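A.B. asks:
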Amino acid sequence: MLNEEMILCAASAYKRKYYLNEQFEELPKGIKEELQILCVMFTEDVGGVLELVFDEDGNLEFRTSYEENDFFYDEIGSALKIKQYQNSKRELLESIQTYYRIVFLGEGLDEED
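In our numbering, the protein residues as written are 374 to 486.
1) G436 bridges to which residues according to DSSP?
2) If we ignore side chains and look at the alpha-carbon of each, how far apart do Q409 and Y391 end up?
3) Give a yes or no on contact between the stretch 397 to 412 and the stretch 439 to 448, applying the rule of three or more CB pairs nearer than 8 Å.
4) Going by C-alpha to C-alpha distance, which of E417, T416, L423, E399 sits closest to A383?
5) In whole angstroms, what separates the C-alpha of D430 from that of E377?
6) Return the first residue and the last residue of the alpha helix (DSSP H) that A452 is part of.
7) If you drop the 5 nearest sequence neighbours on each side, which residues of the same chain put their C-beta closer than 7 Å to that of R436?
8) Go to L400, then tell me how far its beta strand (DSSP E) extends in each direction, as first and last residue.
9) For K405, which of helix, strand or coil comes out of DSSP?
10) Sort out for me which residues DSSP pairs K388 with in a bridge.
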């Protein structure tokens, strides 16, 4: 697998849709549901678009965007909500990041026994 960015999931307040990258369909149902709730609740609370993206090093990042004329988007609330999720969902996010690094980046597979 090339070291490039990969979207895990995303939600849009504009389209009122949630997206899970099909390459992560093997995640347990409970984890997929938790990701969906996290993303949808975020966009319901602050608006805009939220993407959970793995960077080229395998770090899971929250990325937000909003339409130019969206005066209802809460930029400060967005930053606060991300910090809240990073703290309250730390174990979930770290587990998904570890999964990505092992399955997609092959980390830890070339170690000797």
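All residues carry an ideal CB built from backbone N, CA and C; glycine is no exception.
Since the model is a prediction, treat every value here as computed from it, not as a measurement.
C.D. replies: With the given structure in hand:
1) The residue labelled residue 436 in the question sits at position 63 within the sequence shown. Contrary to the premise, residue 436 reads as Arg rather than Gly in this sequence. Its beta-bridge partners are E424.
2) Indexing the sequence shown from 1 puts residue 409 at position 36. Indexing the sequence shown from 1 puts residue 391 at position 18. Across the structure, Q409 and Y391 are spaced so that their CA atoms are roughly 7 Å apart.
3) no
4) Position 10 of the sequence shown, counted from the first residue, corresponds to residue 383. Nearest of E417, T416, L423, E399 to A383, Cα basis: L423.
5) Stepping through the sequence shown from its first residue, residue 430 is reached at position 57. Stepping through the sequence shown from its first residue, residue 377 is reached at position 4. D430 and E377 have their C-alpha atoms roughly 8 Å apart.
6) By 1-based counting over the sequence shown, the position of residue 452 is 79. Per DSSP, A452 belongs to the alpha helix (DSSP H) from 448 to 461.
7) One-based indexing of the sequence shown puts residue 436 at position 63. Closer than 7 Å at the Cβ level, and outside the excluded window around R436, lie E424, V426.
8) Translated into the one-based positions of the sequence shown, residue 400 becomes position 27. First-last for L400: undefined, no H or E at that position.
9) Start at 1 with the first residue of the sequence shown, and residue 405 comes out as number 32. Residue state, collapsed to three classes: helix.
10) If you number the sequence shown from 1, residue 388 lands on position 15. Beta-bridge pairing links K388 to no other residue.
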